[in-house]
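J.: Residue numbers (mature numbering (1 follows the signal peptide of the UniProt record, and there is no 0)): -18 to -1, 1 to 194.
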Amino acid sequence: MVLALGLALLCAAGSAAAQNCNCQQGYCCSKSGYRGTTSAYCDDGCQSGPCTNGGGGGGGSGANVESVVTQSFFNGIKSQAPNSCEGKNFYTRDAFLTAASKYSGFAHGESEVEGKREIAAFFANVAHETGHLCYINEIDGASKNYCSSSTQWPCVRGKNYYGRGPLQLSTNLNYGPAGKDIGFDGLRNPDRPRLASGGGYTRVKLSTGGLG
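(1) From the DSSP output, in three-state form, read off Ser30 for me.
(2) Taking the beta carbon of Val95 as the centre, do at least 16 other beta carbons fall within 10 Å, making it buried, or is it exposed?
(3) Return the CA-CA distance between Gly161 and Gly58, expressed in angstroms with no decimal places.
(4) If we define contact as Cβ-Cβ less than 8 Å, is Ala109 a contact residue for chain E?
(5) Determine the direct distance from the alpha carbon of Asp26 to that of Arg146, and round the result to whole angstroms.
(6) Nearest-angstrom Cα distance between Cys33 and Val47?
(7) Buried or exposed for Gln134, please, with buried defined as at least 16 other CB atoms from any protein chain shown within 10 angstroms of its CB.
(8) Taking all protein chains shown into account, decide if Asn127 is buried (16 or more other Cβ within 10 angstroms of its Cβ) or exposed.
(9) Write down every uninterrupted run of the alpha helix (DSSP H) in the stretch 125 to 185 whose length is 4 residues or greater and which is fully enclosed by it, in chain order.
(10) Can you tell me whether Glu68 is buried or exposed, with buried defined as 16 or more other CB within 10 angstroms of its CB?
(11) Does Cys5 pass the burial test, meaning 16 or more other C-beta atoms within 10 Å, or should it be called exposed?
(12) Can you pull the DSSP bridge partners for Asn119?
(13) Quick one, which of Val51, Arg99, Tyr117 has its alpha-carbon nearest Leu78's?
(14) Return the first residue and the last residue of the alpha helix (DSSP H) that Cys49 is part of.
(15) Let me know the secondary structure DSSP gives Gly87 once reduced to three states.
(16) Could you tell me how far apart the beta carbons of Tyr73 and Leu115 are, in whole angstroms, since I believe they sit closer than 8 Å?
(17) Alpha carbon to alpha carbon, what distance is there between Lys70 and Lys60?
The following block contains the structure:
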């Protein structure tokens, strides 16, 4: 399950040292592969994050989401789905932009190119999960058991945690923390992701590999 906004998506840095930093939002990955926010991490040799030396593709303001995700871009995805799809009138560009605006780190903090890659990764995942914005709910999802044993995120009797929304959030292990993140009880109200953040865009935090 990829989530974020969630997705487990792409780290900007490609080296092993950068991977050791876990690409955490707001932190610089030093030339030695350590994470921090001071000049020792963000200056000379900085590999990723808000670098002050311009290195590693970091230090930029990222991409302008609204300029990249134009109505034409959005319609280009939806047009690949049949007109009979339930998602045709459910998923909208405005809903996506509203959700994206709540997560300032989405497509920002790196170079413009990295920001565009992050946006592309998000929509590639959405297109795959929903059949180009066709499906809102997982096909035959209600007939499947997605309850995993957990004391922290226990399943609620009578609730089903099948895929819903643009990222097809599934299992109690994802509904619990995702709900906590955006302010609702995901275990007791698993249908909420269909409505949250305008049209189901529950989370747009891609670079850290969070929940969607």
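Where is the CB? At the ideal position from N, CA and C, for every residue including glycine.
T.: With the structure as the only source:
(1) By 1-based counting over the sequence shown, the position of residue 30 is 48. Here Ser30 sits in strand by DSSP.
(2) Taking the first residue of the sequence shown as position 1, residue 95 is located at position 113. Label assigned to Val95: exposed.
(3) Walking along the sequence shown from the start, residue 161 turns up at place 179. Walking along the sequence shown from the start, residue 58 turns up at place 76. When rounded, the distance between both Cα atoms is 30 Å.
(4) This model lacks chain E altogether; it includes just one protein chain.
(5) The residue you call residue 146 lines up with position 164 of the sequence shown. The residue you call residue 26 lines up with position 44 of the sequence shown. Roughly 44 Å separates the two Cα atoms.
(6) As a position in the sequence shown, residue 33 is number 51, starting the count at 1. As a position in the sequence shown, residue 47 is number 65, starting the count at 1. Near 21 Å, if we compare the C-alpha coordinates of Val47 and Cys33.
(7) The count along the sequence shown starts at 1 and reaches residue 134 at position 152. Gln134 is exposed by the Cβ-count criterion.
(8) Locating residue 127 in the sequence shown gives position 145, where the first residue counts as 1. Exposed, since its Cβ has fewer than 16 Cβ neighbours within 10 Å.
(9) 154 to 164
(10) Sequence index remark: in the sequence shown, residue 68 carries index 86 (1-based). With fewer than 16 Cβ atoms within 10 Å of its Cβ, Glu68 is classed as exposed.
(11) Residue mapping note: residue 5 aligns to position 23 of the sequence shown, counting from 1. With a pLDDT of 49 at Cys5, under the threshold of 50, the predicted position of this residue should be treated as unreliable, though the coordinate-derived value follows. Cys5 comes out buried.
(12) In the sequence shown, counting from the first residue as 1, residue 119 sits at position 137. According to DSSP, which records beta bridges pairwise, Asn119 is partnered with Arg146.
(13) For this step, residue 78 is matched to residue 96 along the sequence shown. One point to set straight first is that residue 78 is Phe, not Leu, in the sequence displayed. Cα-wise, what sits closest to Phe78 is Val51.
(14) Start at 1 with the first residue of the sequence shown, and residue 49 comes out as number 67. Residue identity differs from the one stated: residue 49 is Ser in this sequence, not Cys. Per DSSP, Ser49 belongs to the alpha helix (DSSP H) from 47 to 50.
(15) For the purposes of this step, residue 87 is taken as residue 105 along the sequence shown, with counting starting at 1. Reduced to three states, the DSSP call for Gly87 is coil.
(16) Counting from 1 along the sequence shown, the entry for residue 73 is found at position 91. Counting from 1 along the sequence shown, the entry for residue 115 is found at position 133. The beta-carbon distance between Tyr73 and Leu115, rounded to whole angstroms, is 4 Å. This is short enough to meet the 8 Å contact definition.
(17) On the sequence shown, residue 60 is found 78 positions in, with the first residue counted as 1. On the sequence shown, residue 70 is found 88 positions in, with the first residue counted as 1. The alpha-carbon atoms of Lys60 and Lys70 are separated by roughly 7 Å.
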